[in-house]
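The UniProt record's numbering puts the last residue of the sequence shown at 508; the count rises by one with no breaks. Below: the structure, in structure tokens.
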Amino acid sequence: MGSPDSKTSLVKHRHDTNRSYQSIACSDEKPGLSSWELILLTLNMAGIQFTWTVELSYGTPYLLHLGLSKNQVALVWLAGPLSGLLIQPLVGAFSDRTTSRLGRRRPYIIIGGLLMERMGRFRAYGEYTKCGSEGDLRTSIAIWIAVVAFYFLDFSLNAVMASCRALILDIPPLWQQDLGNAWAGRMIHIGNVVGFTAGFIDWIGYFPLLGDSQLKVLCSIAIFVLVLSLLVTCLSVKEEVHVNIDENVEPWYCTLVSIYRAFRYLPVPVQRICNVQFFAWMGWFPFLFYSTTWIRDIHVTNNPDKGNAYEEGTRYGSLALLIYSIISVIAGVILPQLTNTVATTYNQVTIYNIYTASHIMFALSMLATYFVGDVPQAMVVLASVGIPWAASMWIPYALVGEFVATKDEKAITANADVRPIDNHDIEQVIAESSSSASENTLLPSLDEEIITKDENSRMEIARQRLHDGEGDEGVAGDVGIVLRFGGLMALVAAFLSRYLVHIPISGR
1 MGSPDSKTSL VKHRHDTNRS YQSIACSDEK PGLSSWELIL LTLNMAGIQF
51 TWTVELSYGT PYLLHLGLSK NQVALVWLAG PLSGLLIQPL VGAFSDRTTS
101 RLGRRRPYII IGGLLMERMG RFRAYGEYTK CGSEGDLRTS IAIWIAVVAF
151 YFLDFSLNAV MASCRALILD IPPLWQQDLG NAWAGRMIHI GNVVGFTAGF
201 IDWIGYFPLL GDSQLKVLCS IAIFVLVLSL LVTCLSVKEE VHVNIDENVE
251 PWYCTLVSIY RAFRYLPVPV QRICNVQFFA WMGWFPFLFY STTWIRDIHV
301 TNNPDKGNAY EEGTRYGSLA LLIYSIISVI AGVILPQLTN TVATTYNQVT
351 IYNIYTASHI MFALSMLATY FVGDVPQAMV VLASVGIPWA ASMWIPYALV
401 GEFVATKDEK AITANADVRP IDNHDIEQVI AESSSSASEN TLLPSLDEEI
451 ITKDENSRME IARQRLHDGE GDEGVAGDVG IVLRFGGLMA LVAAFLSRYL
501 VHIPISGR
């Protein structure tokens, strides 16, 4: 970009913001990752999303089949926000202090992946406990196994997710932060498409030895896909071993104090992103959990005399989510190629404008549910949500990642303004940076914590509304009200997104 040779100039330049720690230490620029390396780095997100898709698609029907009411099922789904609230900040903070020879993130990915594998099998095959003539006792045991498996599965999933997100933040240089998050979003979309497509295939006919139900076979396939994707990332990514340069090692409880301080004193740019995320996910969670139920209930209402209307409506809901996932994949590829950081006279398509537009589009889609009267119209509404979903899986994480990388960059390059850098300077700066590493990794995790706090309140609202309509199998109005309320919250998110602090990134 025309910047001076770093070997002959020690003056800090605006165009040198794509340097990293290694570039300053070695007086050279850190090379970016190739497309293939970005794919290997983010492939784990596809495996995680595939597993989550199976849980999302079959979790509610499975729990209802065990005998739980709709009201109780909503309480079980609180496992997600509770685990995100507790696990993600803790894993992010403790992994910063990890000095394992495997790196800082990979130990948590491996442990979390193993737990997900065990809990996935417990959930899938726990139904066998219900079989027999003992009645209530066996049913209660089966329900407890399912609920415990759900909670442990969500806890381990959040641990893996936090570690993978931190790994995506650690590996690419500053100028590739948004590209790395874009690839993560694409992998999530691919996991969605493959997961919803897998729901249409008669896996029992192909793999009868894996189980006698679709859920059992799908869980076995999801476990294989998850383990394979995590294994590829762990073996292909070169993660540096963290060394504690600071001799004053803080006790373990200081990590909890750091979490509180990071949450209490968030930087203004990150705080505003979290404000947007809070209201945005007030709309996303009911869509993710109840969109299939909404289409199913519309179909049942329009076909009250049809014997298989319930199962047919569920398949229509899965088909709508498949179309929505395909659209999100296409949008996830196209949108990052269209954006600039700063608007120009000829191009207003910035990452911030797209973020605002995505909230407005989602809000209009959810409010449109009031006018939907049949399944084809409902499928069009759900499919249109693919575009804002692509933006939500990319932009917030890219903005937080760029802020963290820019913050670290300024902290190091500030010491290069006056005199040449020697080894003592490098060690001192890295030590100072390491002391605040937990804060940097906590920022993406706290963004997730804002989301999970929001989900707690949102799921409670949904639980109360669905409890009022308990027993009305074919009434779509209750779910429709929940979806439309989420649309109103998305409008609030769109308004708040206009007040985000713009983060200048070189090369954009």
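Note that the Cβ used here is the ideal one computed from N, Cα and C, for glycine as well.
Let's test the definition: count the other Cβ atoms within 10 Å of the Cβ of residue 370 and tell me whether it reaches 16, buried, or not, exposed.
Label assigned to residue 370: exposed.
Exposed or buried, what is residue 268 when buried is set at 16 or more other beta-carbons lying within 10 Å of its beta-carbon?
Exposed: under 16 other Cβ atoms inside 10 Å.
Name the residue from 373, 80, 328 whose alpha carbon lies nearest to the alpha carbon of residue 358.
Residue 358 has its Cα closest to that of 328, out of 373, 80, 328.
Could you pull the DSSP bridge partners for residue 42 from this structure?
Residue 42 pairs with nothing; no bridge assigned.
What number of angstroms, rounded off, separates the C-alpha of residue 229 from the C-alpha of residue 83?
Roughly 22 angstroms separates the two Cα atoms.
Can you tell me whether residue 502 is buried or exposed? The criterion is at least 16 other CB atoms within 10 Å of its CB, across all chains shown.
Classification for residue 502: exposed.
Between the Cα of residue 285 and the Cα atoms of 385, 163, 38, which residue gives the shortest distance?
Of the candidates 385, 163, 38, the one whose C-alpha sits nearest the C-alpha of residue 285 is 385.
If we count the other Cβ atoms within 10 Å of its Cβ and call it buried at 16 or more, is residue 336 buried or exposed?
It counts as buried.
Whose C-beta lies closer than 6 angstroms to the C-beta of residue 199 among residues of the same chain, with five residues either side of it excluded?
Here the set comprises 57, 318.
Just how far apart, CA to CA, sit residue 351 and residue 205?
In a straight line, the C-alpha of residue 351 is about 46 angstroms away from that of residue 205.
Between the C-alpha atoms of residue 294 and residue 356, what's the straight-line distance to the nearest angstrom?
The alpha-carbon atoms of residue 294 and residue 356 are separated by roughly 26 angstroms.
Can you tell me the Cβ-Cβ gap for residue 159 and residue 87, rounded? I've got them flagged as a contact below 8 angstroms.
At roughly 5 angstroms, the Cβ-Cβ gap stays under 8 angstroms, so residue 159 and residue 87 are in contact.
Quick one: Cα of residue 491 to Cα of residue 396, how far?
Going from the Cα of residue 491 to the Cα of residue 396 covers about 17 angstroms.
Only counting the same chain, and skipping five residues up and downstream in sequence, which positions put a Cβ closer than 8 angstroms to that of residue 374?
So the list reads 298, 302, once near-sequence residues are dropped.
Quick check on the DSSP output: the alpha helix (DSSP H) that includes residue 273 runs from which residue to which?
Here the alpha helix (DSSP H) through residue 273 covers 268-302.
Pick from 96, 296, 179: whose alpha carbon is nearest that of residue 334?
Residue 334 has its Cα closest to that of 179, out of 96, 296, 179.
Between 55, 108, 69, which lies nearest to residue 124 when the distance is taken from Cα to Cα?
Among 55, 108, 69, the Cα nearest to that of residue 124 belongs to 55.
With a threshold of 16 other CB atoms inside 10 Å of the CB of residue 348, please say whether the residue is buried or exposed.
With fewer than 16 Cβ atoms within 10 Å of its Cβ, residue 348 is classed as exposed.
Buried or exposed: where does residue 500 fall if 16 or more other Cβ atoms within 10 Å of its Cβ makes it buried?
Residue 500 comes out buried.
Would residue 51 and residue 119 qualify as a contact pair, given that the criterion is a beta-carbon distance under 8 angstroms?
No. Outside cutoff.
Run the CB neighbour count on residue 494, radius 10 Å, all protein chains shown included, and call it buried at 16 or more, exposed below.
So residue 494 counts as buried.
Residue 99 by DSSP, collapsed to three states: which one?
Here residue 99 sits in coil by DSSP.
Considering residue 217, what are the terminal residues of the alpha helix (DSSP H) in which it resides?
214-236 is the extent of the alpha helix (DSSP H) around residue 217.
Using the Cβ count rule (16 or more neighbours within 10 Å means buried), how would you classify residue 265?
Exposed.
Which two residues bound the contiguous alpha helix (DSSP H) that contains residue 361?
Element bounds for residue 361: 351-367.
Measure the C-alpha to C-alpha separation of residue 76 and residue 32 and round it to an integer number of angstroms.
Between residue 76 and residue 32, the C-alpha separation is close to 43 angstroms.
Counting only the same chain and skipping the five closest in sequence on each side, list residues whose C-beta sits under 6 angstroms from that of residue 276.
Here the set comprises 493, 496, 497.
Do residue 182 and residue 168 have their C-beta atoms closer together than 8 angstroms?
Not closer than 8 angstroms, so no.
Determine the DSSP secondary structure at residue 521, reduced to helix, strand or coil.
This structure leaves residue 521 out entirely; the chain is present only between 1 and 508.
Residues in its own chain within less than 6 angstroms of residue 321 by CB, not counting five upstream and five downstream?
Only 196 meet the Cβ criterion.
Tell me whether residue 221 is buried or exposed, calling it buried when 16 or more other Cβ atoms sit within 10 Å of its Cβ.
It is buried - the Cβ of residue 221 has at least 16 other Cβ atoms within 10 Å.
Whose C-alpha, out of 152, 53, 104, is nearest the C-alpha of residue 165?
Nearest C-alpha to residue 165: 104.
Per DSSP, what kind of secondary structure is residue 202 in: helix, strand or coil?
Here residue 202 sits in coil by DSSP.
If we ignore side chains and look at the alpha-carbon of each, how far apart do residue 43 and residue 113 end up?
Residue 43 and residue 113: Cα-Cα distance of roughly 14 angstroms.
Where residue 480 and residue 46 are concerned, what is the direct C-alpha to C-alpha distance, given to the nearest angstrom?
Those two C-alpha atoms are separated by around 30 angstroms.
Does DSSP classify residue 394 as helix, strand or coil?
Looking at residue 394 - three-state DSSP - the assignment turns out to be coil, as it is neither helix nor strand.
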